[in-house]
Structures are given as C-alpha cells and as structure tokens.
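Presented below is the structure to which this report refers.
Protein chains in written order, with our numbering: chain B, 3 to 237; chain G, 3 to 237.
See below:
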C-alpha cells in the first residue's frame with residue numbers, strides 16, 4: 003500500500019545542526035572575553051526559545067538571538083565590531099554548502115520511480131528553498147513542503163492536500179518530536195534516524211521507545227531494506 | 003470564465019510598508035546621533051538589496067540589515083544598547099497588529115462564494131502565516147500560497163498546482179513588479195491598486211502604463227464593480 007516516502011531535510015538529508023554547533027562555539031569564544039565562564043549556551047538557548055514565538059525557526063532568527071544574548075550577557079558592553087562578526091556568522095551559515103549525509107544520494111536513487119518522494123521541512127522559506135536547490139536533489143522530489151511548524155494539524159493538511167491516505171505514507175526524519183510523533187498520531191508510519199547532534203528544543207529522544215507504527219534506523223543507507231520489508235508486509 | 007481571485011497581502015489587504023517607514027524613521031533618529039546627516043536611508047537600502055540574496059524578504063532580514071548598516075555607518079561606534087533597540091524595533095514590527103486596508107472586509111464578503119479566493123504573498127513564512135491568522139480573514143480564503151519570490155516561474159507553478167487556467171484567474175496587488183507583470187506575462191488578468199508608500203525595490207510604477215490584461219484601481223473598494231464588468235464581458 004506504501005506509495006509515498008516523505009523526508010525531513012535538515013539532519014535527515016543533509017547536515018544542519020553541526021553548522022549551528024560550530025557557530026555557537028565561535029559565539030561562546032567571543033562572549034567569554036566579556037563574561038568569563040558565564041553559562042553562555044544556556045543563555046542563548048533561553049533567548050532562542052523565548053524568541054521562537056516571534057522569529058520561528060531558522061538562521062536569521064538564530065542570528066538575532068545571538069546578538070540579543072551577546073548584548074544582554076555582556077551587560078551592553080559588547081563592541082560593535084564583535085556584533086558585526088555575529089552577523090557575518092549568520093551570513094556564513096546561510097551560504098554554507100549543503101553537505102548531504104552519507105548514503106543519501108544512493109537511497110534516493112534506489113527509491114525513485116518506485117515511490118512518490120516528498121520533502122517536508124520546517125524553517126525559513128527562503129533558506130530552505132535555497133538549500134533544496136543547492137542540494138542537487140530537487141529534481142528527485144515530486145513535492146516539497148516547507149512549513150512553519152511540524153505538528154499534527156500541519157501534517158494533516160499536507161496529506162489532505164496531496165490526497166494521501168495515512169497507510170500509503172512513510173515519513174523519515176531525525177526528530178522524534180517533529181517527524182515521528184505528529185505523523186504516527188495520524189496513523190502514518192514513520193522511521194526515526196537519529197542525527198549525532200540534536201538541538202535541545204527538539205528533545206533528542208534517540209533512545210526513547212517509539213510509538214506504534216514507528217521504526218528506528220541507525221543510518222539512512224538502511225532505509226531501502228526497511229522499505230522492502232514494509233512493502234512485503236514482513237514488518 | 004473568471005473563477006478565482008488571488009490577492010497579494012502586504013499593502014493590498016493590510017498595511018505593511020508604513021510599518022517599515024515608521025521603523026526606518028526611528029532608525030534614522032538613532033543613527034543621526036552618531037553620523038549627523040549622512041544619507042542613512044540610502045545606506046540602509048544598499049545593505050538590504052545586497053543582503054536580499056541571503057536573507058530574502060521580511061522583517062528578520064530587515065532587522066539584521068538595520069544592525070549591519072548601523073555598525074558600518076557609525077564606523078563601529080554604535081553602542082550595544084542602541085543595537086538592542088534595533089532588535090526591539092524588529093520584534094515590535096513582528097507583533098504589530100494587522101491593520102486591514104479600508105474596505106477589505108466588505109470586498110472579501112462581496113466576492114466570497116461567487117469566486118474561489120486565494121492569497122499569494124511573498125516573504126517570511128512564519129511572519130506571513132502569523133499575519134494571515136491575525137488578520138481575521140483566514141477562513142475566507144480557499145488557499146494561501148506563501149512564496150520566496152514572485153516571478154513568472156513561481157506563479158506558473160501555483161496556477162498549475164491548483165489546476166487554474168490562465169483566463170479563469172484575476173490577480174490583485176499593489177506591486178507592478180511582483181503582482182502584475184509576472185502574471186500578465188502568463189496571460190492572467192491583473193488589477194493594480196497602488197499603495198501610498200512603495201519600497202524602492204518594488205519600483206513604484208503607480209503611474210506607468212500597464213501591460214494588456216491589467217487594470218488599475220484607486221482603492222480596493224472598487225474591486226467588486228470591476229469584477230462584475232469583467233464577468234459580464236464589458237471590460
């Protein structure tokens with residue numbers, strides 16, 4: 003019955019969170035010159051979560067949250083030239099080459115033609131479109147959905163718009179919170195493939211028991227074999 | 003043959019550019035304390051256009067461009083507490099109430115039921131979704147399309163996805179560049195309703211001759227009468 007495989011993008015098809023981690027390390031280094039060993043990571047995370055309601059997900063919001071945190075944590079002592087560096091960090095992230103995870107190209111090639119392939123990703127529209135274009139994978143997908151939040155209501159709308167019955171879809175992603183729980187709640191099967199870094203807000207859950215209808219793989223290279231099992235009804 | 007009316011959102015359904023203008027005046031006031039009467043507006047515009055490639059359209063990118071301009075124009079002399087104010091300006095813009103243009107509610111009520119109504123808007127996904135939700139108009143639209151850029155290719159995709167033949171659609175918007183030219187190039191009729199402030203990048207054009215298939219109205223309140231004429235074949 004399986005006809006459609008939908009993929010999350012960031013940290014499922016290509017590396018993303020590592021880019022945030024590397025930038026955050028550079029941010030920490032700048033801030034430490036002002037405030038020693040204050041818990042800079044925790045302060046940045048607080049700012050990010052507080053700003054989510056206004057900024058949503060993505061690099062531009064992250065950059066604004068870095069600047070806000072830098073000003074607040076430094077007691078407004080941070081120099082303009084250091085803030086300029088934070089803007090440049092954001093720009094470097096936006097221009098960073100899209101690096102596919104190991105095995106992604108082979109997996110897409112193996113599944114293409116047999117299934118309708120989709121991307122369902124959240125974040126900044128402009129940045130996500132740019133990454134899909136730069137990934138070299140765009141032509142392989144029958145549909146790309148970029149959404150502001152990945153919750154049940156959003157997935158329901160997407161599946162309805164594409165006239166996809168729940169038992170025909172398999173969702174693949176690295177976040178239990180965004181890619182697995184909201185789709186299994188709709189009766190859609192899902193595959194969790196943990197990424198080695200997970201933003202705190204996505205609540206790793208890489209070792210939590212999965213809900214019924216969800217599978218876990220260590221690497222995306224193992225997906226075609228799982229799909230074959232699902233199609234043959236063995237799993 | 004007309005079955006679908008598609009509306010641009012910012013400065014067509016609700017005020018938007020005035021919010022940028024008001025913020026930019028506050029920005030100018032802060033910067034003038036550092037640099038006297040340098041051409042701050044021109045410098046900000048240069049930064050915005052240069053950053054469009056990375057940031058796309060929207061308030062977060064505008065806020066980052068304000069900060070960058072402030073640092074560069076002040077020769078890195080701007081104080082952190084003034085940069086903090088720029089972030090707060092951006093947040094205030096994101097939370098600003100959505101103010102419908104005069105007549106919008108009556109026009110939507112008059113057309114609803116008779117036509118399929120759509121929104122086609124560009125900019126930041128998260129912010130645009132939030133504005134549509136806060137506008138109180140969401141339930142009146144059959145479809146909402148938020149896109150990164152309004153060019154011919156994007157409109158073609160939208161019309162194809164919704165299976166809309168060119169002669170069944172009327173596009174309504176305030177920007178000749180984004181709402182009129184790319185749709186009339188596809189053989190779709192359009193209505194230009196100028197807004198009293200236009201961002202330089204959208205190239206006003208409020209007095210330029212329009213392409214064939216395009217009409218111009220002074221206010222959206224006049225739209226139902228024009229639609230009646232188009233339907234009756236009188237125009």
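C-beta atoms are modelled at their ideal positions from N, C-alpha and C, and glycine is treated no differently.
Asked	Found
Reduced DSSP secondary structure (H/G/I, E/B, other) of residue 277 of chain G	Not covered by the structure: residue 277 of chain G. The range shown for chain G is 3 to 237.
Assumed close pair residue 22 of chain G, residue 201 of chain G - CB separation to whole angstroms, cut-off 8 Å	7 Å
Meets three-Cβ-pair contact criterion under 8 Å: the region 184–192 of chain G and the region 157–164 of chain G	yes
Chain B within 8 Å of residue 133 of chain G, Cβ atoms only	no
8 Å CB neighbourhood of residue 16 of chain G in its chain, flanking five on each side removed	100, 101, 102, 103, 106, 133 and 137
Interface flag, residue 83 of chain B vs chain G, CB-CB below 8 Å	yes
First and last residue of the uninterrupted alpha helix (DSSP H) at residue 66 of chain B	61–75
Sequence-distant residues of the same chain with beta carbon closer than 6 Å to residue 65 of chain B, five excluded per side	92
Exposure label - residue 231 of chain B; buried when at least 16 CB within 10 Å	exposed
Residue 7 of chain G beta carbon less than 8 Å from that of residue 149 of chain G	no
Beta-carbon proximity of residue 96 of chain B to residue 56 of chain G, cut-off 8 Å	yes
Every unbroken beta strand (DSSP E) within the region 70–117 of chain B, with a cutoff of 3 residues, ordered by chain	none
Backbone CA spacing between residue 1 of chain B and residue 199 of chain B [nearest angstrom]	Since the first residue of chain B shown is 3 and the last is 237, residue 1 of chain B is not available in this structure.
Interface partners of residue 122 of chain G on chain B, CB under 9 Å	Those do not exist, as residue 122 of chain G stays about 13 Å from chain B at its closest Cβ, beyond 9 Å.
Interface residues of the region 47–65 of chain G facing chain B [CB-CB below 7 Å]	56, 57, 58, 62, 63 and 65
Separation of residue 181 of chain G from residue 194 of chain G, as counted between CA atoms	8 Å
Contacting positions in the region 92–105 of chain B - beta carbon closer than 8 Å to chain G	92, 93, 96 and 97
Bridge partners - residue 216 of chain B, DSSP secondary structure assignment	B:192
Boundaries (first-last residue) of the alpha helix (DSSP H) holding residue 6 of chain B	Counting along the chain, residue 6 of chain B falls outside any alpha helix (DSSP H), though it belongs to the beta strand (DSSP E) covering 6–9.
Beta-carbon proximity check, residue 118 of chain B vs residue 144 of chain B, cutoff 8 Å	yes
Minimum C-alpha distance to residue 87 of chain G - residue among G:192, G:147, G:33 and G:197	G:33
Sequence-distant residues of its chain with Cβ nearer than 6 Å to residue 169 of chain G (five each side left out)	3
Start-to-end residues for the alpha helix (DSSP H) that takes in residue 32 of chain G	19–37
Inside the region 124–171 of chain B only - beta strand (DSSP E) runs reaching at least 3 residues	145–149
In DSSP terms, what residue 181 of chain G is bridged to	According to DSSP, which records beta bridges pairwise, residue 181 of chain G is partnered with nothing at all.
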